[in-house]
Amino acid sequence: MSEFKESTDDGRPEFAGIRGGADTTDNEYTARLKELQGARWKRVLNVQAPYQWNIRRFLGGRRVLDVGCGIGRNLRNLAAGSAGVDHNEHSVEFCRSLGLVAYTSGEFHAEPERPAFNGMLMAHLLEHLPPDEVAGIVAEYLPYLEPGATVMLVCPQERGFDSDPTHTVFLDGADLEKICADTGLVVTRSLSFPFPRWMGKPFIYNESVVIAEVPSRL
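Just so we're aligned: the sequence shown equals residues 8 to 225 in my numbering.
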């Protein structure tokens, strides 16, 4: 779990420490997300369609806890009963303005009662965290999931990681699988999406995706 610098012979990145990320809690970060998502060419080409399909095929029909929901790009496409959590209060306010159910991290943990979720999504969240907090944030939200719930972890590959100064730690599929093992989750699928793994260097939107299941006992 580290910043990449170049590839080794087997294609996996060679790592050289952790880089510091920019602030993701202020209104400027929320405004940046809205600007990126609202780009006209993205709307015309509907570039999110394959990524939303990929989420639906694993989490479709489930009540999903979308941790790190940002401005609701994925949350708005999840089933009824789903909810988002984010540490940026401005992003949470924007989600609510769209009619979505969203909480700040503090609000979510302070809620006295809520139904258990049977799915959890962490998409483009873990790469923003300090490396010693990555497994902890996954474990933090597992008590809110039902046994048998599906967990979906998504992180950018090399080109995508390098494109954002708020990214702090590079995580590929093997790293995500280890996080699942360390937190008691059972990995059921690991893939590169939408293109093969080698496309992670030239294509900014290639992702490492790991699907796991919450066992009956954690």
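Ideal placement from N, C-alpha and C gives every residue a C-beta, glycine not left out.
In the DSSP assignment, the residues bridged to G126 are V71 and T157.
In terms of CA proximity to V193, L183 leads the group N213, L183 and S199. The residue from L128, F202 and L152 with its alpha-carbon nearest to that of L85 is L128. Taking 8 angstroms as the upper bound for CB-CB distance, V74 and V99 are not in contact here, some 12 angstroms apart. The beta-bridge partner set that DSSP reports for I218 consists of M159 and R196. Of the other Cβ atoms in all chains shown, 16 or more fall within 10 Å of the Cβ of S215; this residue is therefore buried. Linking G106 to R121 through their CA atoms gives a straight-line distance of about 18 angstroms. Sequence-distant partners of C102 (beyond 5 residues in either direction) whose C-beta falls short of 6 angstroms from its own C-beta, in its chain, are G79, G91 and A109. A87 carries a coil assignment under DSSP once its states are collapsed to helix, strand and coil.
For Y110, no alpha helix (DSSP H) encloses it; the enclosing beta strand (DSSP E) starts and ends at A109 to T111. Exclusion of the five residues before and after F200 leaves N61, E214 and V216 as the residues of its chain whose Cβ lies within less than 6 angstroms of its Cβ. Burial state of G126 is buried, judged by a 10 Å Cβ sphere holding 16 or more other Cβ atoms.
Cβ contact annotation for I144 (same chain, cutoff 8 angstroms, sequence separation greater than five): V74, M129, L132, L133 and L136, in chain order. Taken atom to atom, the span from the alpha-carbon of R70 to that of V158 is near 12 angstroms.
Boundaries of the alpha helix (DSSP H) harbouring D169: E165 to D169, taken from the DSSP string. Under the DSSP assignment, C187 falls in the alpha helix (DSSP H) whose first and last residues are G180 to D189. Annotation: the continuous alpha helix (DSSP H) that includes S98 extends over E96 to S104. Note: V92 is bridge-paired with V74 and Y110 in the DSSP secondary-structure output.
For L152, the beta-bridge partners assigned by DSSP are F124. For L66, the uninterrupted alpha helix (DSSP H) segment begins and ends at A56 to L66. With contacts defined as CB atoms closer than 8 angstroms, E147 and G207 fail to qualify as a contacting pair.
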